[in-house]
Each structure stands twice: as structure tokens, then as C-alpha cells.
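Enquirer: Here you go, one structure.
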Amino acid sequence: MTTKNPYKVAVKEAIDSLIKSASNHDIDALNLIYHDNMQVVMIDPSGQVHKADKVAFKAMIEANKNNGAPMNTWAKFHHVEANPETGLVVLSRKNNLAGKDMMLDLSIDFVYENGRWQVIREVIFLHPDQAL
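Residues in the sequence shown are numbered from -4 upward in steps of one, following my numbering.
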């Protein structure tokens, strides 16, 4: 990603840190990356909507760790934008969030508070990935 916007660079670094922390089930790091008021909306392949807050989403990641579910670090970035207060990342990932390997298309909103970028909202669309 070539950009002269330092906020975009910082948000991209934050998403890289999020991917690394989630993939390693690092709940302490996720606690800092996830905003206290974070909301997650996940839409599964059948169209059912699942909602979670920070506590519930961290618990799901912790459960994946305890179940030995592998976390993939693969990511394809589609869009990154940012200004001094907010950021948006649209990307695709391959992972196991719902008990089987899936493709995830995500829109992740960030806010800059307390001297760091934090995830305030994730919208996740899960669908089968034929390449998996």
C-alpha cells in the first residue's frame, strides 16, 4: 500500500496487529484493540444475523482457542481510509469463526481514542470459500 496519508498507514498497522492478535488468540492484546463499545454484526451463509459486543466476541475467540480451531492470517485488503479520528478497512479473510472454514468479507471501523486505534464496529459476511 503506497500512501502519503499517515492515518491510513496507522490504521493498516492496527488491522495487521488485530489479525496477528486474533490469530494467536491473544485476548490481552484484543482487549486493547477492541473498543469497550465495540459492536459486531455477523451474517452467516443462510442470512441469519448474529450480534456480539466486545465481551462476547472475545469469548468466541477464546472458545476457538480452547477448541483448537486454527486461525488463518491470510488477508486481502480492498480499501483503507482514515483521518485523525476514524478509519475504515474493508478486507477479506479466510478463517474458522462458525465451526468450519469460511471466507469472511469484513468492514471494520476504527476510532482513535486514548492514544491508539480501536475497533468500534465489525460487519462480517461469512460464506463458503470454494478454494478452502
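Note that the Cβ used here is the ideal one computed from N, Cα and C, for glycine as well.
1. Nearest to I28 by CA position, among Y2, K60, K15, N90, is which residue?
2. Out of R116, A70, A24, V4, point me to the one whose CA is closest to K46's CA.
3. For the beta strand (DSSP E) containing S18, list its first residue and its last residue.
4. In three-state DSSP terms, what is M37?
5. Where DSSP assigns a beta bridge to E76, which residues make up the other side?
6. Can you find at least 3 beta carbon pairs, one from the stretch 65 to 76 and one from the stretch -1 to 7, that sit closer than 8 Å?
7. In or out: G42 buried (at least 16 other Cβ within 10 Å) or exposed?
8. I need the boundaries of the beta strand (DSSP E) containing D104, first residue and last residue.
Expert: According to the data block:
1. K15
2. R116
3. Per DSSP, S18 belongs to no beta strand (DSSP E); it is in the alpha helix (DSSP H), 1 to 18.
4. M37 falls in the strand class under three-state DSSP.
5. L83
6. Yes, they touch.
7. Under the 10 Å beta carbon count, G42 is surrounded by fewer than 16 other beta carbons and is classified as exposed.
8. D104: member of the beta strand (DSSP E) spanning 97 to 108, first to last residue.
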